[in-house]
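Have a look at the structure below before the remarks.
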Amino acid sequence: MEVNNWTQLWLSYQKVYEGHGTWGIGYSGFDAENRIVESAVYEFRTAMEGLTGENVVITDSEGNVKNDRILSLVKDESIPKEGYRVESGEYGATVKAPDENGLLYGIFALIRNVACGKKPGEIKEELSPSNPLRMMNHWDNMDGSIERGYSGNSFFFDKDSIIISRRTRDYARFMASVGINGVVINNVNVKDAASYLITDRYFDKVKALSEIFADYGIKLYLSLNFASPIELGGMSICDPMSKEVIDWWKGKMSEIHLKVPELGGFLVKADSEGRPGPFTYGRTQADGANMLADIIDQYGWIIIWRCFVYNCTQDWRDKKTDRARAGYDYFKDQDGDYHDNVILQIKNGPMDFQIREAVSPLLGGLTRTNQMLEVQIAQEYTGHQIDLCYLIPLFKEVLDFHTYCREGCDTVADVVSTRTFGNRLGGMAAVINTGNDYNWTGNDLAAANTYGFGRLAFDTSLSSEQIAREWIRMTYQLESDKEDILTDMLLRSREIYEKYTSFLGIGWMVTPHDHYGPSIDGYEYSRWGTYHRADHLGIGVDRTDKGTGYAQQYYKENAQMYNDPKTCPEELLLFFHHIPYTYKLKSGKTLIQYIYDSHFEGLKEAQELAQSWERLKPVIPAESHERVSKRFELQLVNAREWCDQVNSYFYRKSGIPDEKGREIF
Ligand code: GCU
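In structure tokens, the structure reads:
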């Protein structure tokens, strides 16, 4: 038996109170032998034994085993899909659900409530998921590396083979416990061995993985290489309108269906950052997506098509081309053309997962197309899981954003949940932050993002604080004053990171390629379309009607608001406007003084985070405390570097000294 050499994260099931007696399970409408029902019962048993010391015994059909309490699993089709109703009392507990996934989520809700300190009799929860698709996207490569991975190597792949271990099952358990129902196992940049995931070379293992996922109600998805007809089929083209190409895909998909029937579908990154796509043949994105979607519709599969399409070979001298515009420019015209088993996956912002950027105007800008929100919990631009950055507040801002696409039902949360337009598909996906590190996420505290994303995707009305507290309770079980300290650390961390890095929506200024640490001009004269345009007088990108016109991609209310620096939310000022250093912000501070102040503040507050963590030393398990402390040491070096480089850079550019006379280099 393989040794379990990793943490159990929020499912560690440490004792919360001393219970006594036994539980029996009663089934009504659910088949005890169904794979998901079995997983649910397994979880309940393990959890109750750990959390309370109570035994769970299965009552036999004659009712011969006498139990102190009964857990009744009841099928109730009046509850919305994948939802549940949980209740507990002295008699035991009841979980009602319309389907197996709902039952599993109900059991996990029961466990969460117990783990968070609720006693039987106090638990009552009724919920159905806000989003139909709740997905994790792995950027794992088959050689074992992870693109933008900060917590070790892949636990799915190594040296071009697929790994199946107890870790796989634990991973599925973690995901199901927060309501994830779809996982893409391989990187969107499909190259080399990954192109062969849809061939005989890997079918057996992909199927085995999909079965483990299926035990936990999770569908497995694969990222697809659009040029497969060339790379696998030996053809000279992959034109989506070519009959030979279509025939090749038909044969391929039927083969995949035969071998891996549990699959959910495919994710495609096309015509983006060097990946092949329909543009090569003068076809639209819709032509490419629909061709694949039509072939797989018969299998009940879907195509998730990414909207991260832009020109990555821009000339920095060219001020008219604006990368932020690209998604909308490429996709808005074909709104309504996509078939109904295609869903467009749209990054939260029009650039690329910055610490702050505007919300993509495609979200809600598309009104006749299935759409889902993509966020990144892998901390590519937000501190590499070295720096503490709890991202749920950022995601909440995006979800709560009013698009003005329809009166009364216009937030991003409304749109992607399918409430607004009644689309067939909708949801949320996150680029995940896990790897094969002992603690899964590099920084122990980064698991709050893994947990939080799932919880938020399932219930977008949860607050950042509530999610943080749940995660802390399930992971560390702290006394309430200590829980307050850690909650406060998590809740402040994103703003602190923003303060010492790039400000007011300008983004970037990071070390090229690696994306950790400052390099103010690192991308300024490059091809990537990620400029700050700072000179001796001011900084920012003019995206108004007099600039690139990006602001006009929004509905009128937002377009007007963003177009004017006076009404533009200040935290996005430099995303939309080129502003002089002497410009007075609402606080009365000049822009340059704001830059200095926020950076010194950010550094100081990062130090406070580290001090707070030190105060928690007596109550956090030693090894976890030490791992995180080491990260804080690095975070402080990073914060100082950012603070000093940004301040020195803008002092040298502007020639305007800090009013407070602090040290700038
Ligand atoms: C970013 C990231 C890439 C990734 C890309 C994507 O640009 O740096 O590594 O491939 O996003 O989302 O496809």
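If you count the sequence shown from 1, position 62 lands on 44 in this note's numbering, and the numbers rise without skipping. Using N, Cα and C, we set each Cβ at its ideal position, and we do this for glycine too.
Name the DSSP bridge partner or partners of residue i?
{"i": "Val492", "result": "Pro500"}
{"i": "Ala621", "result": "Paired residues: none, contrary to the question."}
{"i": "Ile128", "result": "Asp122"}
{"i": "Arg116", "result": "Met410"}
{"i": "Ser(-6)", "result": "Per DSSP, none; premise fails for Ser(-6)."}
{"i": "Gln327", "result": "Arg288, Met354"}
{"i": "Trp5", "result": "Val38, Arg51"}
{"i": "Phe248", "result": "Leu204, Ile285"}
{"i": "Leu109", "result": "Tyr66"}
{"i": "Ser10", "result": "Val56"}
{"i": "Pro562", "result": "Gly520"}
{"i": "Thr393", "result": "His384"}
Which residues in the same chain have their Cβ closer than 6 Å to the Cβ of residue i, if we skip the five residues on either side of it in sequence?
{"i": "Asn95", "result": "Ile105"}
{"i": "His2", "result": "none"}
{"i": "Arg525", "result": "Tyr532, Ala533, Phe558"}
{"i": "Asp197", "result": "Arg17, Ser21"}
{"i": "Met124", "result": "Phe139, Asp142, Ala175, Ala176"}
{"i": "Phe90", "result": "Ser159"}
{"i": "Tyr537", "result": "Tyr386"}
{"i": "His581", "result": "Tyr482, Cys625, Val628, Asn629"}
Could you give the distance in angstroms between the alpha-carbon of residue i and the alpha-carbon of residue j?
{"i": "Asn83", "j": "Val380", "result": "27 Å"}
{"i": "Gly32", "j": "Arg116", "result": "28 Å"}
{"i": "Gly365", "j": "Gln593", "result": "19 Å"}
{"i": "Arg305", "j": "Gly511", "result": "5 Å"}
{"i": "Glu480", "j": "Ser70", "result": "43 Å"}
{"i": "Gly637", "j": "His518", "result": "8 Å"}
{"i": "Tyr153", "j": "Thr416", "result": "10 Å"}
{"i": "Gln267", "j": "Tyr420", "result": "41 Å"}
{"i": "Tyr263", "j": "Leu585", "result": "51 Å"}
{"i": "Ser445", "j": "Val394", "result": "16 Å"}
{"i": "Ser321", "j": "Arg338", "result": "Note that residue 321 corresponds to His in the displayed sequence, not to Ser. Those two C-alpha atoms are separated by around 33 Å."}
{"i": "Arg183", "j": "Arg474", "result": "48 Å"}
{"i": "Arg597", "j": "Ser133", "result": "26 Å"}
{"i": "Thr4", "j": "Asn37", "result": "5 Å"}
{"i": "Ala29", "j": "Gly65", "result": "21 Å"}
{"i": "Ser218", "j": "Pro211", "result": "8 Å"}
{"i": "Gly131", "j": "Thr483", "result": "21 Å"}
{"i": "Ile328", "j": "Lys378", "result": "16 Å"}
{"i": "Ile228", "j": "Asp441", "result": "39 Å"}
{"i": "Pro114", "j": "Ala271", "result": "20 Å"}
{"i": "Glu193", "j": "Glu244", "result": "7 Å"}
{"i": "Val77", "j": "Ile61", "result": "11 Å"}
{"i": "Met(-17)", "j": "Thr(-11)", "result": "Residue confidence is low: Met(-17) scores 46 on pLDDT, short of 50, so the model does not pin down where it sits. No coordinate-derived value is stated."}
{"i": "Ser606", "j": "Asn418", "result": "16 Å"}
{"i": "Tyr690", "j": "Gly99", "result": "Here the chain has residues from -17 to 647 only, and residue 690 is not among them."}
{"i": "Ser(-6)", "j": "Ala429", "result": "13 Å"}
{"i": "Tyr292", "j": "Tyr458", "result": "43 Å"}
{"i": "Tyr73", "j": "Arg27", "result": "17 Å"}
{"i": "Met118", "j": "Glu608", "result": "29 Å"}
{"i": "Asn135", "j": "Ile128", "result": "6 Å"}
{"i": "Asp279", "j": "Asn323", "result": "7 Å"}
{"i": "Thr572", "j": "Lys566", "result": "4 Å"}
For residue i, would you say it is in contact with chain B, using Cβ-to-Cβ distances shorter than 8 Å as the test?
{"i": "Asn135", "result": "Chain labels in this structure do not include chain B; a single protein chain is all it has."}
In chain order, what residues of the same chain lie with their CB nearer than 7 Å to the CB of residue i, ignoring the 5 residues before and after it?
{"i": "Tyr516", "result": "Before going on, a small fix: residue 516 reads as Ala here, not Tyr. Answer for Ala516: Lys635, listed in chain order."}
{"i": "Leu543", "result": "Looking at the sequence provided, one finds Met at residue 543 rather than Leu. Closer than 7 Å at the Cβ level, and outside the excluded window around Met543, lie Thr549, Cys550."}
{"i": "Leu460", "result": "Ile454, Leu468, Val601"}
{"i": "Gly199", "result": "Ile18, Glu82, Asn83, Leu86, Ala158, Asn163"}
{"i": "Ile502", "result": "Met491, Gln627, Val628, Tyr631"}
Identify, in the order they occur along the chain, each residue of the same chain with its Cβ nearer than 8 Å to the Cβ of residue i, setting aside the five sequence neighbours on each side.
{"i": "Val242", "result": "Phe185, Val188, Lys189, Ser192, Leu202"}
{"i": "Glu553", "result": "Arg338, Leu486, Gly487"}
{"i": "Lys302", "result": "Thr530"}
Unbroken stretches of the alpha helix (DSSP H), 4 residues or longer, contained in the region 136 to 213: With a minimum length of 4 residues, the continuous alpha helix (DSSP H) runs that stay inside the region 136 to 213 are 148 to 159, 185 to 197, 210 to 213.
Three-pair Cβ contact test at 8 Å for the region 133 to 149 versus the region 173 to 188: The region 133 to 149 is in contact with the region 173 to 188.
Uninterrupted beta strand (DSSP E) stretches inside the region 253 to 308 (no shorter than 3 residues): With a minimum length of 3 residues, the continuous beta strand (DSSP E) runs that stay inside the region 253 to 308 are 284 to 288.
Cβ pair count under 8 Å reaching 3, the region 522 to 538 against the region 547 to 561: The count of Cβ pairs closer than 8 Å, one atom from the region 522 to 538 and one from the region 547 to 561, reaches three, so the stretches are in contact.
Length-filtered (3 minimum) beta strand (DSSP E) runs lying within the region 42 to 89: The region 42 to 89 contains these whole beta strand (DSSP E) runs: 51 to 57, 66 to 71, 74 to 79.
Within the region 354 to 390, ranges of the alpha helix (DSSP H) (whole runs, at least 4 residues): Correct list: 374 to 382.
Complete runs of the alpha helix (DSSP H) confined to the region 416 to 473 [at least 4 residues]: Fully enclosed alpha helix (DSSP H) runs of 4 or longer: 429 to 440, 446 to 457.
Three or more C-beta pairs below 8 Å linking the region 191 to 210 and the region 360 to 376: The region 191 to 210 vs the region 360 to 376: no contact.
Beta strand (DSSP E) runs wholly inside the region 512 to 545, at least 3 long, in chain order: The region 512 to 545 contains no whole beta strand (DSSP E) run of 3 or more residues.
Stretch-stretch touch, CB-based, cutoff 8 Å, three pairs: the region 350 to 367 with the region 494 to 508: Yes, they touch.
Cβ pair count under 8 Å reaching 3, the region 393 to 409 against the region 425 to 437: Fewer than three Cβ pairs drawn from the region 393 to 409 and the region 425 to 437 lie within less than 8 Å of each other, which leaves the two stretches out of contact.
Any alpha helix (DSSP H) of 4 or more consecutive residues that is wholly inside the region 564 to 609: Within the region 564 to 609, the complete alpha helix (DSSP H) segments of 4 residues or longer fall at 573 to 597, listed in chain order.
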